[in-house]
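Visitor: Following this message is one structure expressed as structure tokens.
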Amino acid sequence: MHGMIMVVYLLTALLLGGFGNYLIPLMVGARDMVFPWLNMISFWVYFTAVVLLAASFFVGGGSTGAGWTLYPPQAILPGTPGSEAGILLMLASLAVFIIGFHHGRSQLRRH
């Protein structure tokens, strides 16, 4: 879980979000992104993904023990921690994160 939180959620949002939301408008001379409301929606979808990920700590069996790569054979073995609800919440969180991240970056292409 540490790898997933740090590599996927924090670094992706921090580096790419920082470049997209702060530096790119400065470079092109704009005050803000093209669609600020889309940027806001992207943030709240990202926040929802983080809440889903944090919820996996509190389900029966705990969070997934499959690592940040979500190694498929290990993710579904009965002895692996979180092989039931933990991995499902992790995958749902990752799907929501990708949707929010995609919508947040789509406004860069329109400017």
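Each step along the sequence shown adds one to the number in the numbering used here, with nothing skipped, and position 34 is 30. Beta carbons: idealized from backbone N, C-alpha and C, even for Gly. For clarity, every value in this text was computed on a predicted model and none was experimentally measured.
#1: If you draw a straight line from the alpha carbon of H107 to that of E80, how long is it in whole angstroms?
#2: CB L73 to CB Y5, shorter than 8 angstroms?
#3: Our contact map puts A45 next to G96 with C-beta atoms below 8 angstroms; I'd like the distance itself, whole angstroms only.
#4: Helix, strand or coil for F31, going by three-state DSSP, please let me know.
#5: Could you tell me whether the Cβ atoms of P32 and G58 are closer together than 8 angstroms?
Guide: By the coordinates alone:
#1: At H107, the pLDDT of 49 sits below 50, so the modelled position is not reliable and the matter cannot be decided from this model.
#2: no
#3: 6 angstroms
#4: coil
#5: no
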